[in-house]
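Okay, so the first sequence: first residue is 1 according to the numbering used here, each after it adds one.
Worksheet for the structure shown next.
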Amino acid sequence: MDKEYNPNNIEANIQKYWDDNNSFVCKLDNPSEKFYCLSMFPYPSGKLHIGHVRNYTIGDVIARSNRMLGKNVFQPMGWDSFGLPAENAAIANDIHPSEWTRNNIIHMKSQLKRLGYAYDWSKEISTSDPDYYKWEQWFFLKLLKKKLVYKKLSEVNWDPVDKTVLANEQVIDGKGWRSGANIERREIAQWFLKITDYAESLLDDINQLSDWPSSVKMMQKNWIGKSQGALVKFPISSSSDSKYFIETYTTRLDTICGVTFLAVSPSHEIVKNTNNLSDNVVKFIEKCNSLKISEETLSTITKEGVDTGIRVINPITKKEIPVWVANYVLSDYGTGSVMSVPAHDTRDNEFAKKYNLPTKKVIKSDTDDAFTEKGILINSGEYDNMDYTTATNAILESLKKQNLGMQKINYRLRDWGISRQRYWGCPIPVFYHNDGSVYPVPDEDLPVKLPEDIDFNLDGNPLDNHPTWKYIKCPYTGKDAIRETDTFDTFFESSWYYLRFLSSDSKKEIFNHNKNHWLPVDQYIGGIEHAILHLLYARFFHKLFRDEGIIDSDEPFSSLLSQGMVLKDGHKMSKSKGNTIDPDDIVKKYGADTIRLFIMFSAPPEQNLEWSDQAIEGSYKFLKRLWILTHKIINMKEVVTNDSSDSNSINIKLHMTIKKVSNDIFKRNNFNTAIASIMEFFNDLSKYSQSNNINRELLLSGITTIVKMLSPITPHITQELWFQLGFKTNLMDVSWPEVDEEIINESRKEIVVQVNGKLRGKISIESNQSEDEIKSMVESNSNIRKYIDGCEIINVIYVKDRLINYVIQNEK
RNA sequence: GGCGAAGUGGUGGAAUUGGUAUACACGGCAGAUUCAAAACCUGCUCCUUCGGGUUGAGGGUUCGAGUCCCUCCUUCGCUACCA
């Protein structure tokens, strides 16, 4: 037995013990209560970063502690292994994406093992593995059959020099990151998934997610963005043909008489289809086309626009108004055009002021700024004096009669564009005949595998450039055909991996229906940055699988924990800032238990965590003290039994600590305060061990309880100490300690005495003393009397086991 | 721009349901130990005119506000092709 705490030896031995005993393998058909604990699988970028360590430590602590409650815990791990960085590495380092990815996985897996995470590696999956993406292709074809997939033109960032489509993050200040060329927007035909068909159910079922953070639910609700409004047609006045009009969507039909112009997006049909636009307008549209396709960019630029010269008729007032093209109008929200009411919309107001467009007030208010609330109508002819609802209904009636409007529920959510013009992704399993008609690859020909021999030195999509891969014979007709060369968005793979973990070995089916009771996932843990996209897509896929009869539940994740980021000096760690921390260095120096303890102790999981090289020493020091005290207790030969009051208060503290730690871990996910209470009790126990009257049994019971409660957090040192305390079992399978509530209830309580809300003293009371008894104790206490004497007591507020507050007048 | 968070000592943070603000740590200071140092151990550590004051700023509700409400400031995440 080592005298000193030597984490590297201990951790290697304990990890070998776990390996030898297959400690992490989950028998999925075991009948005891299941607990599916899932941490978001990583993109194999090369090395684990500290954010991974945080994510996975939180998940592992939850998995291990629930196992101690007797649950059958399944905690798998895998790799989100398709994606852009592999292609970048291929170009930069002349290494094949599959090789780069494979190497990264090998390295990162060894790092995860070194950190002691209890993953069931027998169920490991890699999304770039054809065994995985085969099923994704299979499922896509089901959706195609159901007409939940379609193709349409959509804008991308185009790099005219590299002749390639760029991701938003690859466009820096409007220029391609590699070529430096000004990017252009370009429309290309792409595949879309009809997520909007599920908008209503994705919105409704948020109500089922009682154990999700409300912030995440709120963000999803707002992202889906359901609104009740109306479609309104504005006929074009220069055209006598009633077929020509501009359609707008509005939620404020009551303000229609205040519309002073229409604003359309630069890619609106009306702009595309009008031939005689002035140079001015054409130039403006060209300028807009050099902006990248992100909402963020579009909404933060200076608002600009030009008059197109086109005029339309307001269907209610019959007045003619101009049509402007404006850079802030989104082409894919609503109809891509806005009826602008400068008097009652902030953005329209700004724009009108800038270009001296008229403002017409139609809702009664005192302000000259944009008044955006609902109110009573004015300047609206026959609709004057109506309120919002009455006016909206009346105006809608008039529009309906003219065939120029209808009620409409609109969603901000758009269909999901899943096409990527990239190599390192899952091939979309369709092909085309020469006439452009689309055919699914037959199920028996799946998977459509990526070719290995690929040239990254050519411009454009490497898959499209491959000399032979895309040329095939149609399996139905034998005619010449061409494969789809787009691959899936990588969010596609991560939308269903949680389900595949349960049937990862099956070559016959995507999901074994006998595993249905394992869904939904009981606890999902991952970064807050995934609050919208990944989590919404996974929820969407779950419903698609349900409607395909593959699974039975409505939602994939019953409980969600969104952990915050790890910061250094208040900033996100990044290579460019040079403020990264390599977890390997920390593990080498202090061991896995120390980094796990530090990460769990330094902040609650949902908050950002500030990294500190100094503070980690403290965690190491604590483990050293734990090691030393445990050995001291083990080596105490004499049993000095003494019923001192010290022993009594240690025993009370022991049970109060178990209660608090259990509540913090299982109910609150506040591991930092759980650790703080363990430390507090440890400090008390340590002091007690140095006193004259000690009870060895109590010390043993105290330290054993500490070892158990720390074991999910620092599993190596605790297992080693467990052995040294004389136990032969696997600590992972030992039951969580139990609280003796009676010991806590019978202890004395300290309550606070306040006078007018100010702290004036403290008294110690028995557990069952009445309010009157407490009052007389307070009023006979001379230290407190001096604040009350000679004053009129107006009220006394007593909060059980907490405080008593005297409200007095004529305070001295 | 929109949506969602966060802001408490020198630092990370605690205060769970509106009830003792600063638990538990880090750092610092002093002591003990040592030939000396490291390690370990013990104590102290918000400000103060000693009445009191203090939770990003300013208002409000309440017997009582870090916590609830209003206005504002700063930082962070997401914003549909980073994952």
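In this text, a Cβ means the ideal position worked out from N, Cα and C, and glycines have one as well.
Q. Alpha carbon to alpha carbon, how far is Glu-124 from Leu-28?
A. 14 Å
Q. Tell me which same chain residues have a C-beta within less than 6 Å of the C-beta of Tyr-17, skipping the five on either side of it?
A. none
(Q) Mapping the DSSP letters down to three states, classify Lys-233 as helix, strand or coil. (A) strand
Q) How big is the Cα-Cα spacing for Trp-496 and Pro-130? A) 15 Å
Q) Leaving out five residues before and five after Leu-144 in sequence, what residues of the same chain have Cβ atoms less than 7 Å from its Cβ? A) Pro-440
Q: Given a cut-off of 8 Å, decide if Phe-557 and Ile-551 are closer than it, judged by their beta-carbon atoms.
A: No; because the gap between Cβ atoms is not below 8 Å, this pair is not in contact.
Q: In the DSSP assignment, find the unbroken beta strand (DSSP E) run with Gln-407 in it and report its ends.
A: 405-411
Q) Helix or strand or just coil, what does DSSP make of Ile-324? A) According to the sequence displayed, residue 324 carries Trp and not Ile. Three-state DSSP puts Trp-324 in a strand.
(Q) Residues in the same chain with beta-carbon distance under 8 Å from Val-796, minus the five sequence neighbours each way, listed in chain order, please. (A) Once the five neighbours on either side are set aside, the close Cβ partners of Val-796 are Lys-775, Ile-804, Asn-805, Tyr-806, Val-807.
Q: Give me the Cα-Cα distance between Val-608 and Asn-635, rounded to the nearest whole angstrom.
A: It should be pointed out that residue 608 corresponds to Asn in this sequence rather than to Val. For Asn-608 and Asn-635, the distance between alpha carbons rounds to 42 Å.
Q. Do you know offhand how far Asn-66's Cα is from Val-73's?
A. 7 Å
(Q) Helix, strand or coil, according to DSSP, for Arg-748 in the structure here? (A) coil
Q) Hey, Glu-304 and Asn-289 are a contact pair by Cβ (cut 8 Å); roughly how many whole angstroms apart? A) The beta-carbon separation of Glu-304 and Asn-289, rounded to 14 Å, does not stay under the 8 Å limit for a contact.
Q) Hey, Asp-197 and Gly-176 are a contact pair by Cβ (cut 8 Å); roughly how many whole angstroms apart? A) Between Gly-176 and Asp-197 the Cβ distance is about 35 Å, and since that is not below 8 Å, they are no contact.
(Q) Using 8 Å for Cβ pairs, my map puts Asp-332 next to Arg-420. What's the rounded Cβ distance? (A) Actually they are not in contact, since the Cβ atoms of Asp-332 and Arg-420 sit about 18 Å apart, beyond 8 Å.
Q: Check the C-beta distance from Ile-50 over to Ile-581 and give it rounded, since I have them as a contact under 8 Å.
A: That pair is a contact at about 5 Å.
Q: Please report the residue range of the alpha helix (DSSP H) in which Ser-299 lies.
A: 295-300
**Q.** Gln-809 versus Ile-794, Ser-612, Lys-800, Asp-60, residue with shortest Cα-Cα distance
**A.** Ile-794
Q) Where does the unbroken beta strand (DSSP E) through Phe-501 begin, and where does it stop? A) From DSSP, Phe-501 is part of no beta strand (DSSP E); its letter is neither H nor E.
Q. Taking all protein chains shown into account, do 16 or more other C-beta atoms lie within 10 angstroms of the C-beta of Met-339, making it buried, or fewer, making it exposed?
A. buried
Q: From the DSSP output, read off the bridge partner residues of Pro-31.
A: DSSP, once it has assigned bridges, lists no residue as partnering Pro-31.
(Q) Tell me the DSSP secondary structure of Lys-572 in three-state form. (A) strand
Q) If you run the structure through DSSP and keep just helix, strand and coil, what is Asn-672? A) helix
Q | Exposure label - Asp-299; buried when at least 16 CB within 10 Å | A | Before going further, note that residue 299 is Ser rather than Asp in the sequence given. So Ser-299 counts as exposed.
Q | Where Asp-211 falls: helix, strand or coil (DSSP) | A | strand
Q. Under 8 Å between the Cβ atoms of Pro-583 and Gln-111?
A. yes
Q.
Based on DSSP bridge pairs, tell me the residues matched to Ala-189.
A. Leu-153
(Q) Given this structure, state the Cα-to-Cα distance separating Thr-346 from Lys-401, to the nearest angstrom. (A) 31 Å
Q. Opposite Asp-646 in the DSSP bridges: which residues?
A. None; Asp-646 has no bridge partner.
Q: Evaluate Lys-812 with the Cβ neighbour count: other Cβ atoms within 10 Å of its Cβ, from every protein chain shown; 16 or more gives buried, anything less gives exposed.
A: With a pLDDT of 47 at Lys-812, under the threshold of 50, the modelled position of this residue cannot be trusted, and the question is left open.
Q. Going by other Cβ atoms of all chains shown within 10 Å of its Cβ, with 16 needed for buried, is Val-392 buried or exposed?
A. Sequence check: residue 392 is Thr here, not Val. It is buried - the Cβ of Thr-392 has at least 16 other Cβ atoms within 10 Å.
Q | Close Cβ partners of Leu-813 (< 7 Å) along its chain, the five nearest in sequence each way excluded | A | Outside the displayed range of the chain (1 to 812) lies residue 813, so it cannot be described from this structure.
Q: For Pro-130, name the three-state secondary structure that DSSP assigns.
A: helix
Q | Extent of the continuous alpha helix (DSSP H) run through Val-362 | A | From DSSP, Val-362 is part of no alpha helix (DSSP H); its letter is neither H nor E.
Q) Taking only runs of the alpha helix (DSSP H) that begin and end inside the segment 451-504, which ones reach a length of at least 4 residues, in chain order? A) 462-465, 491-494, 497-500
Q) Does the Cβ-Cβ distance between Ile-246 and Val-323 come in under 8 Å? A) yes
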